[in-house]
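I have placed the structure first, in the form of structure tokens, so that the comments after it can refer back to it.
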Amino acid sequence: MQEYRMHLMLCAGTGCVSNHAFDIEKAFKRELEKHNLQDEVQVVDTGCQGFCERGPIMIVQPGDIFYEMLEEKDIPYLVEEHFLKGRPVEKHMYVPKGGENPIPKLSDIGFFKKQKLIALANRGLIDPENIDEYIGREGYSALAKVLSEMTPEEVVKEVKDSGLRGRGGGGFSTGTKWEFAKNSPGDEKYIICNADEGDPGAFMDRSIVESDPHVILEGMAIGAYAIGATHGFIYVRDEYPLAVERINKAIKDAREYGLLGEDIFEAGFDFDVSVSRGAGAFVCGEETSLIASLEGNMPEPRVRPPYPAVAGYKGKPTNINNVETWANIRHIINRGAEWYSSIGTETSKGTKVFSLVGKVNNTGLVEVPMGISVRDIIFDIGGGVMNGKKFKAVQTGGPSGGCIPESLMDTPVGYDTFAKIGSIVGSGGMIVMDEDNCMVEVARYFLAFTQQESCGKCTPCREGTRHMLDILTRITEGKGKEEDLDVLEDMCGLIGSTSLCALGATAPNPVLTTMKYFRDEYEAHIKEGRCPAKECKSLITYTILEDKCTGCTLCARDCPVTAITGERKGIHVIDPDICVKCGICKAVCNFGAVRIES
Amino acid sequence: MIKYTLNGDLVEQKDETTILESAGRNGFKIPTLCNNEHLTPFGGCRLCLVEVATERNPDMKKLMPSCTARISSGLIIDTNSHRVQQSRRFIISMLISRSPKAEKLREIAKEIGLPEERSELSPSEKYLLDDAPSIVTTNCILCGLCVRACAEIPMRDAISFSARGMERMVKTPFEKYAETCIGCGSCAYVCPTDTITIEEVV
Numbered sequence: 000m001q002e003y004r005m006h007l008m009l010c011a012g013t014g015c016v017s018n019h020a021f022d023i024e025k026a027f028k029r030e031l032e033k034h035n036l037q038d039e040v041q042v043v044d045t046g047c048q049g050f051c052e053r054g055p056i057m058i059v060q061p062g063d064i065f066y067e068m069l070e071e072k073d074i075p076y077l078v079e080e081h082f083l084k085g086r087p088v089e090k091h092m093y094v095p096k097g098g099e100n101p102i103p104k105l106s107d108i109g110f111f112k113k114q115k116l117i118a119l120a121n122r123g124l125i126d127p128e129n130i131d132e133y134i135g136r137e138g139y140s141a142l143a144k145v146l147s148e149m150t151p152e153e154v155v156k157e158v159k160d161s162g163l164r165g166r167g168g169g170g171f172s173t174g175t176k177w178e179f180a181k182n183s184p185g186d187e188k189y190i191i192c193n194a195d196e197g198d199p200g201a202f203m204d205r206s207i208v209e210s211d212p213h214v215i216l217e218g219m220a221i222g223a224y225a226i227g228a229t230h231g232f233i234y235v236r237d238e239y240p241l242a243v244e245r246i247n248k249a250i251k252d253a254r255e256y257g258l259l260g261e262d263i264f265e266a267g268f269d270f271d272v273s274v275s276r277g278a279g280a281f282v283c284g285e286e287t288s289l290i291a292s293l294e295g296n297m298p299e300p301r302v303r304p305p306y307p308a309v310a311g312y313k314g315k316p317t318n319i320n321n322v323e324t325w326a327n328i329r330h331i332i333n334r335g336a337e338w339y340s341s342i343g344t345e346t347s348k349g350t351k352v353f354s355l356v357g358k359v360n361n362t363g364l365v366e367v368p369m370g371i372s373v374r375d376i377i378f379d380i381g382g383g384v385m386n387g388k389k390f391k392a393v394q395t396g397g398p399s400g401g402c403i404p405e406s407l408m409d410t411p412v413g414y415d416t417f418a419k420i421g422s423i424v425g426s427g428g429m430i431v432m433d434e435d436n437c438m439v440e441v442a443r444y445f446l447a448f449t450q451q452e453s454c455g456k457c458t459p460c461r462e463g464t465r466h467m468l469d470i471l472t473r474i475t476e477g478k479g480k481e482e483d484l485d486v487l488e489d490m491c492g493l494i495g496s497t498s499l500c501a502l503g504a505t506a507p508n509p510v511l512t513t514m515k516y517f518r519d520e521y522e523a524h525i526k527e528g529r530c531p532a533k534e535c536k537s538l539i540t541y542t543i544l545e546d547k548c549t550g551c552t553l554c555a556r557d558c559p560v561t562a563i564t565g566e567r568k569g570i571h572v573i574d575p576d577i578c579v580k581c582g583i584c585k586a587v588c589n590f591g592a593v594r595i596e597s
Numbered sequence: 000m001i002k003y004t005l006n007g008d009l010v011e012q013k014d015e016t017t018i019l020e021s022a023g024r025n026g027f028k029i030p031t032l033c034n035n036e037h038l039t040p041f042g043g044c045r046l047c048l049v050e051v052a053t054e055r056n057p058d059m060k061k062l063m064p065s066c067t068a069r070i071s072s073g074l075i076i077d078t079n080s081h082r083v084q085q086s087r088r089f090i091i092s093m094l095i096s097r098s099p100k101a102e103k104l105r106e107i108a109k110e111i112g113l114p115e116e117r118s119e120l121s122p123s124e125k126y127l128l129d130d131a132p133s134i135v136t137t138n139c140i141l142c143g144l145c146v147r148a149c150a151e152i153p154m155r156d157a158i159s160f161s162a163r164g165m166e167r168m169v170k171t172p173f174e175k176y177a178e179t180c181i182g183c184g185s186c187a188y189v190c191p192t193d194t195i196t197i198e199e200v201v
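Sequences listed follow chains A and B, in order. Taking numbering that gives the first Met the number 0, the leading residue of the first sequence gets 0, the next gets one more, and so forth. Taking numbering that gives the first Met the number 0, the leading residue of the second sequence gets 0, the next gets one more, and so forth.
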């Protein structure tokens, strides 16, 4: 094996790839060759390293030097300075918002400091397409351990004792779920990995599959051994091409090494995995719909019980877990239930991966111990709200979750703590909203999503969400009626309790929580025809301030509907009858002369 | 022998059936729209929801569709609690709002005691029955009886659901003349709202 002096761990997750990470890689290789360094410095494509906001990113090892926002044109200089002359380049180092001095080391950056990596343990450290690198990081040792030292009962007990709960949103005890499937009679059993991540703003599962595909295969093989399954499926969203490619490569490599297939580790255990690409509906993430889709049927949930543990794929006992849940398994086996359960809170053990998005400075993927406060995630790791705006709320759990307002920011992350305030941990989406977000519009947006994704099988989810969306839409248009809030509240409760599956049952959550914590905003829309956040287009007008307008004509030139008139160096005026409230004038004005009124 | 509590009384039953079936045997009629004893239960219309708890955990009452949920020892079932009535009224109001011309829905509304006096309606019922804009023009309530009947009785699969959510509809394959249809009339027979009709073709 070739030894290198230095390793450039270049992020090749979807975010950085779309920011031309592969062009950067080519440039690095070209420049390294130019200086004859190709045998001394290795360029490694890693999976998502999490700090998507600053991409394309790279970590130089040894030294832990973090480079961000790389550009092709700067690569020759970087190679010469750092890799030839040994002088790290400040220009591409991270500078915290409001700070002046660049922070060279990854471990000193706030975004990474408070994180605790278990599911993402291999983040930025291995090439996801190289099975040897995974094995080099203790990969498949947990599978070896269970096959050579543990009985299926012991494996189930270990996972149960660890306190691990389903990371896909349900939060059900993983060990208990395995126990059900194990004890369920049947000669043929199945294991499924749910990688059909569909929440807006969520990319936890995608990143794990892309950055560490073998961790899922190893977890599934352990689960299969525990419950007595011989075949597994990975149901992955078809919109994740890189994830599909990498998991397929991982399966091929694992088969070649005998880590999948017949008589694994000569322990008489057979297990293989196939990949099924998702059918493109949000409801496919619901376990019974996913199984229906896997069987080639319409993705439609069915009533439980019977649970998949009793009658799942083809009516056989099936255990289904989410990507992140599978990614925790090998660590629990290797390090023990006691270690795992020492992390987190009384009822929520271990860590949780969140995708931090919206109006937060450090957009990206973070893994934190359960029990950390929402405030710590958003301010210490996320670096606070963008553009110095005021924090308003954070939506957790995607469209099935609720929003958490400023007053509840100190709530510790956990299944029960979040449930108590009307939200859910869910699969881990965290959408940050600032003072410019209208909370009625937020509720309308999420409900529009669930309404569109409702499969239509049951009456409350199909008809009920449509009526709620109608009401919310008319409120944002300033046509709300006084009784609308009572109707919404009434419907939220009824849809929640009468829907067939979790999609409908949780759809009212964003509406319930915004109505609870931001009722004044709803009332302002209905009673005063005013949108306090100045976001709802029907309720706002754009005007130009006479004392600030310099007559530069920029707004008039950029207005797509020519609603702005005015002489050069004269005051400009917006015609409210033509204005479509697109906001371009406000965005381009250099003098802050455009004002939104409501 | 299965022993469970049904509306306050202890019931003993030899065979394991759905709650709907067992309640019927004991004289409690539960309204349904998407159920037919000869077809696979669907659990979609949600009209037959009943409140179910267990003796171990009597306060944790869950609404469950009685057409798919089955009886077992130790269950406490209420087929007519306040919550059950509320849910039924809500479901039927939504369906009437969808298909106001469907006679069957009005009949059920009367049966389950949805008040005709507007002042006695809940906020959401009032909205659904008086205020909500109608966006479909069909009496089809998507109960799926026709789809299951076609698949399970003549086993022809000449019709199925297409699309999702409010766009969901019952259609023939590719909306073309269904070559597998044998004109048996099963679909029309089971349709609760008489949306499917049979025409003689010479």
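The beta carbon of each residue, even a glycine, is placed where N, CA and C say it ideally should be. None of these values were measured; they are calculated from a predicted model.
- Among the residues facing chain A, A22 (chain B) is not included, as its CB has no counterpart in that chain under 7 Å away.
- Per DSSP, the continuous alpha helix (DSSP H) segment holding I332 (chain A) begins and ends at 322-334.
- The closest CA to that of N360 (chain A), considering only A:T350, A:Y521, A:C51, is found on A:C51.
- At a beta-carbon threshold of 9 Å, the residues of chain B lying near E482 (chain A) are P122, K125, Y126, D130, ordered along the chain.
- Within the segment 12-96 of chain B, the complete alpha helix (DSSP H) segments of 4 residues or longer fall at 18-24, listed in chain order.
- Interface annotation, E462 (chain A): in contact with chain B, CB-CB separation under 7 Å.
- The secondary-structure analysis by DSSP pairs Q450 (chain A) with nothing; it has no beta-bridge partner.
- For L493 (chain A), the nearest CB of chain B lies under 7 Å from its own CB, placing it at the interface with that chain.
- Taking a C-beta cut-off of 8 Å against chain B, the contacting residues of the segment 491-524 of chain A are L493, S496, T497, S498, L499, listed in chain order.
- With 16 or more neighbouring CB atoms inside 10 Å of its own CB, Y66 (chain A) falls in the buried class.
- When Cβ-Cβ separations below 7 Å define contact, P191 (chain B) makes no contact with chain A.
- Contacts with chain A (Cβ-Cβ distance below 7 Å) from the segment 58-78 of chain B involve L62, P64, T67, listed in chain order.
- The C-alpha of L113 (chain B) lies about 14 Å from the C-alpha of K103 (chain B).
- In the pairwise beta carbon analysis, the segment 327-334 of chain A is classified as touching the segment 132-145 of chain A: at least three pairs are separated by under 8 Å.
- Contacts between G164 (chain B) and chain A, judged by CB atoms closer than 9 Å, involve Q450, Q451, E452, S453, C454, G455, C460, R461, T464, R465 in chain order.
- Judged by DSSP in its simplified three-state form, M408 (chain A) adopts coil rather than helix or strand.
- Ranking B:E151, B:L32, B:T4, B:E174 by CA distance to the CA of I111 (chain B) puts B:L32 first.
- Residues of chain B with a Cβ closer than 7 Å to the Cβ of V302 (chain A) are, in chain order, G42, P64, T67.
- Here the alpha carbons of I423 (chain A) and E174 (chain B) stand approximately 41 Å from one another.
- Sequence-distant partners of A523 (chain A) (beyond 5 residues in either direction) whose C-beta falls short of 8 Å from its own C-beta, in its chain, are R529, C530, P531.
- DSSP places R276 (chain A) inside the beta strand (DSSP E), whose first and last residues are 268-276.
- Within the model, the alpha-carbon separation for V441 (chain A) versus R122 (chain A) is close to 33 Å.
- Here V135 (chain B) carries a coil assignment [DSSP, helix/strand/coil].
- Assignment of V560 (chain A) by DSSP, reduced to helix, strand and coil, places it in the coil class.
- Among the CB atoms of chain A, one or more fall inside 7 Å of the CB of F89 (chain B).
- The contact set of M93 (chain B) on chain A, defined by CB atoms closer than 8 Å, consists of T458, P459, E462, G463, H466 in chain order.
- Residues of chain A with a Cβ closer than 9 Å to the Cβ of F173 (chain B) do not exist; the shortest Cβ-Cβ separation is about 15 Å.
- For A225 (chain A), the enclosing alpha helix (DSSP H) starts and ends at 212-226.
- Secondary structure of M165 (chain B) (DSSP, three-state): helix.
- Residues of the segment 148-163 of chain B with a C-beta atom less than 7 Å from some C-beta of chain A are F160, R163, listed in chain order.
- In the assembly as shown, V560 (chain A) is an exposed residue. Its beta-carbon has fewer than 16 other beta-carbons within 10 Å.
- No Cβ of chain A is located within less than 7 Å of the beta carbon of R105 (chain B).
- DSSP places Y414 (chain A) within a helical segment (H, G or I) once states are collapsed to three.
- The criterion of a C-beta distance shorter than 7 Å is not satisfied by A180 (chain A) and P404 (chain A).
- Taking the Cα of L146 (chain A) as reference, the smallest distance to any Cα among A:K389, A:G85, A:I525, A:E265 is reached at A:E265.
- Judged by beta-carbon spacing, G200 (chain A) lies beyond the 7 Å limit of G421 (chain A), meaning their Cβ atoms are not closer than that value.
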